[in-house]
Structure formats: C-alpha cells, structure tokens
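Everything below concerns the one structure shown next.
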Amino acid sequence: MAASIHGIAVRLSGLRKAYDGQQVLAGIDLDVPAGALVAIVGQSGQGKSVLLRQVIGLESPDAGSIEVGGIALDRWRALRSEDKPFRIAMVFQNAALLASLTVAENVGLRLAEHGHLSRTALRAEVRRLLAAVDLAGVEDKLPGELSGGMRKRVGIARALASDPELILYDEPTADLDPLLTEQIGLLIARIRCERGATQIIVTHNLALAQLIADRIAVLDAGRIVEYCTPEALRTSTNPLVQDFLRAAALGS
Amino acid sequence: MSTVLEVLQRLGEAVLLFGRAVAAIRLRARDRQRIAAQLARVGSDTLPIAALLALFIGMVLVVQSADQLRDISQSVLGPIVGLAMTKEIGPVMMGFLLAGRVGSAMAAELGAMAVYDELAALRTMDIDPVRFLVMPRLVAATVTMPVLVLYADFVGIAGGALVVAIDPAIDLAVSEYFARLLEWVHLGDILVGLLKGAVFGMVASIVPCAFGLATRGGAEGIASSTTAAVVWSFVLILLFDLVIVRMTFGLT
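From first to last, the protein sequence lines stand for chains L and H. Using numbering that gives the first Met the number 0, the first residue of the first sequence is number 0, and each one after it goes up by one. Using numbering that gives the first Met the number 0, the first residue of the second sequence is number 0, and each one after it goes up by one.
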C-alpha cells in the first residue's frame, strides 16, 4: 500500500493553463510529500478543480511540468494500466457515478475491466470497499436512488477499488450539510491512516482543511500564495490569506 | 461560419472515432455482454415501430401505385413494392428510424456522461470510453440494421399484399402480386438493401456517438448535440445512399 511512491509524490513546476485567453493557472509550483494529506483551498473560480484535472491528466497544461512519483505525468499516462508502477484515483465533485450502472457495478468497474476476479470474489471485494466507506446494503441501487452524501461515499469506494497510491478529491463536501461534511472529512482522514496513500483535496471549506490536512495551499488568481501547516496558516501575515481566513470565518 | 466549421470538425471526429471503435473491437466476455445489451436495446427500441412503418408504407405504395396504374396494368404492383422496399425505402426508412430513435438516445446518453464527468471518471480508471461505450453501440447498430431492413422488407411486402387482397379498387390476385414480385426482385436487390442497412447502421451510431462525446455546456449542450446528431445522421444516410446506388448501378 502506497509503497511505490517515496519522497515527493506530486511535483508541479510552473504550471500554466488558460481558457479563451483567460489565465486560470498562472504558474503553480507545488511539492506534495508522499503520504501527506494536502488541502488546496481558495474561493470559487480560482482554478482549484482545473489544477486537479491537470494532475490526473484529464487536461494538459499550456506550460510547466507535472511529476507524479518521480515520473513525468505524460510518461505515466502512456503506460498500459497493468504496467503502471502506481495508481492515481480521483473522486469527482458530483461523484460522477455511471448513472446506468448499479452501485456494485460502479464500485467494481475498474476491477472487472482490469482484474481477473471471479464474479463471487468481485462481489465480496465490492462489499468490502463499501463497508470501508460505511455503506452496506446499497449494492443493487442505482446512483439516482442515493442521497448526495451516499453518492460521495460510493465515489470514494470506487476510487479505493484501484488501491491507489495517490487520491485526488474535487470538493468532496460540496453541497453537503455540516454533519455529512464532518463524516466525509473523517472518512478521508481514516483512509489516510489505514492506507497511507497521498491525498490532495480541493475545497473551499477551510474548516475541513484545517481539521484533516497536514498542509494547506491557498490558491488565489491562479497562484499558490501560501503553502504551510494549518497552524502556520492561522498566523500567516500574507494579506490575501488573512482576507481568505476572515471570509471563511464569516462563511462558517 | 463557425457553426459550419464546428459541424465539419465533428464529422471529421466521427471518421476518426469510427477507426478507433473498429480497432477496439474485442470479443472478451465483458465486451460480448455489452454488445448483447446494445443489441437487445436497439432491437426492442426499433422492432415495433419498424413493423408499423413498413406495414403502412407497403400499403400506401400499393394504393398510390394502383391509382397511377389503373389505366395501364396493376400487375406490376408486386415488383414496384418489392423493389422499392428492398432497395430503397426499407434501408432508408430503417436508417432514419435508427437515427431518430436509437441514435438520438446515444447522443443524449453520451452527452450527459460527458457533461457530468462520467467519461472523465472512466478515463481515470484507465477505461477507454471508445471501447466501453462506442464500440458496442457501433457493432450492435451495424449488425442489427440488415436484419431490421430484411424485417421491414417482409412486413412492407406483406402490407402491400394485404391491400391487394382486401381493396376492391385493385384488380389483382394476391398470387399474381407475389409471382410478379418474385420474378422481378432478385437476390442482388436484397443484398444491396442489406449493404445499405449495414452502412446506415454505422452512420446512425457513430455520428451520434461523436456528437455525444463532444458535448459541452450542460442540458442545453446535450439538447443541441442530440438534435445535430440526428440531423447529420439523416444527411449522411442520404449521401451514402446516393453513393451506394451509384456504385451498384447496373449490377443488379
């Protein structure tokens, strides 16, 4: 578990991305240590989700480089699934479960496509993964029959199915009430303790970030303006960070 | 102008997508299951309405032709219905039916998957959306269409025979209708119709898939992709119809 990545799990250097001439990422430099839980916070529209999509290769940067586990992302992506030295999983903001598949089929999709498990073993593995996110008895339901919080958990279970060394979360608590937000936050913290995987969370929920993250990166206008521990963030003298802390306090 | 370029780009993408989907054809158990599911879906979505359409078209053809031929000879009603159904109306009508009923659903489904990040989720699981989604639809539509055309031919010819049998305005025995039809309709005519069916099946599946995969912009994007997919499927079906007719000119 998480044995294939040591040192720096993710290294972003000079990452830039623009859409229709509008700069969204304006030179991101960030090192995420292996095994760390890093939260990227910032107000809406600052490029947090775009950054995450670059890290997993769903979009390509206009400039800059991305290394994951010491390997250039492009090289890692070009490898066949079975040849990849480690796996990266992503939990999408809306969970992005395949609407036409049941919960069990969603969670077991990657295993069914790339694994060699028997039907019985696959079913058992799906049950184990759902139990890991505190869900049981929903295997045969369709995503549309689940609540928002349950869908997020199924999304996390699906991400865990690949036994990933790096997990990316895009706004994992968006649209959830405070209780569910806390439950998802604690689940992410537990995954880190149990599996040791490196995790990057994009969120605008500063309270959640301060609760579970080892380090917090504050994104503003496409740049990282602060990258430090939650404790150090509270005492940051950066005016942008102070504004963000004040706004977050008002919001909460 | 930009719309024209956009459509041309999309049609170019459809050609590339066709190549990728053909290259992705595998007959592993899971691929066979997905193809079988699409076959069942295409069949159940089209067979009842295909029967209704073909029946009425066969009947109308007989009535309309009988009216035109009342001062000449109604003995050619069988060949008229037989040749029209097998070579032209059967394939084109079934192509339009497939595009309108199944192709529109394909474009809307894949469009929704694109908009709601389900395609992105597949990619993060190292699952190729072309092999997972497009290939089974292409194979199912291509295999089903010749069968559907043959079915429409029989039902249309039977519809014509029904009118010949019961309409007192038509002075022709049913046995004469079939005898002249068999005299004029040759195996080559039927094979041309089946070839058209297979080609129209490819068009009516790959074009909607290309428009669906390229969908952006929420519900409005899904709606415009679906409409464009159906319209351009119709146009291309007619274009390929002309090409096939010209290529087989004098052969049958």
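Ideal Cβ positions, reconstructed from N, Cα and C, are used throughout, including at glycine.
With three or more CB-CB distances shorter than 8 Å, the region 198-217 of chain L counts as touching the region 24-43 of chain L. Pairing A103/L with V132/L gives a Cβ-Cβ distance that is not under 8 Å. Counting only residues of its own chain and dropping the five nearest sequence neighbours on each side, A98/L has a CB closer than 8 Å to the CB of L141, P142 and G143. Flagged as an interface residue toward chain H: S80/L, by a C-beta distance shorter than 8 Å. For A53/H, the enclosing alpha helix (DSSP H) stretches over residues A28 to L68. Sequence-distant partners of L175/L (beyond 5 residues in either direction) whose C-beta falls short of 8 Å from its own C-beta, in its chain, are G147, G148, K151 and I183. Rounded to whole angstroms, the gap between the alpha carbons of L7/H and T214/H is 15 Å.
For the pair M112/H and L180/H, the Cα-to-Cα distance works out to about 48 Å.
Rounded to whole angstroms, the gap between the alpha carbons of G107/L and R126/L is 10 Å. Only residues of its own chain outside the window of five on either side were considered, and among them I24 and I34 have a CB closer than 7 Å to the CB of V138/H, listed in chain order. T123/H belongs to the set of residues whose beta carbon lies under 8 Å from a beta carbon in chain L. Positions of the beta strand (DSSP E) runs, each at least 3 residues long and wholly inside the region 69-141 of chain L, are given as 87-90 in order along the chain. Between A120/H and chain L, the shortest Cβ-Cβ separation is below 8 Å.
Beta-bridge annotation (DSSP): V217/L is paired with V40/L and E225/L. Non-local C-beta neighbours of F131/H in its own chain, meaning closer than 8 Å and more than five positions away in sequence, comprise R33 and L121, ordered along the chain. Following the DSSP letters along the chain, one finds A62/L inside the beta strand (DSSP E) bounded by residues A62 to V67. Listed along the chain, the chain H residues whose CB falls inside 8 Å of the CB of L24/L amount to none; the nearest CB is some 18 Å away. Given a length threshold of 3 residues, each whole run of the beta strand (DSSP E) inside the region 174-217 of chain L is given here in chain order: 197-202. For chain L, the residues of the region 19-49 of chain H that bring a beta carbon within less than 9 Å of one of its beta carbons are R29, in chain order. By the CB criterion at 8 Å, A8/L and G221/L fall outside the cutoff. Here F199/H is buried. Its C-beta has 16 or more other C-beta atoms within 10 Å. Residue contact check for I221/H against chain L: no CB pair falls below 8 Å. Excluding residues up to 5 positions away in sequence, P78, G81, L82 and T85 lie with their Cβ nearer than 8 Å to the Cβ of V184/H in the same chain. Using a Cβ-Cβ cut-off of 8 Å, E117/H is close to A95, L96, L97 and A98 of chain L, given in chain order.
Interface annotation, H113/L: in contact with chain H, CB-CB separation under 8 Å. Within chain H, the residues whose beta carbon sits less than 9 Å from that of A88/L are T123 and M124, listed in sequence order.
Non-local beta-carbon contacts of T172/L in its own chain, meaning distances under 7 Å to residues more than five positions away in sequence, involve T180, I183, G184, T202, N204 and L207 in chain order.
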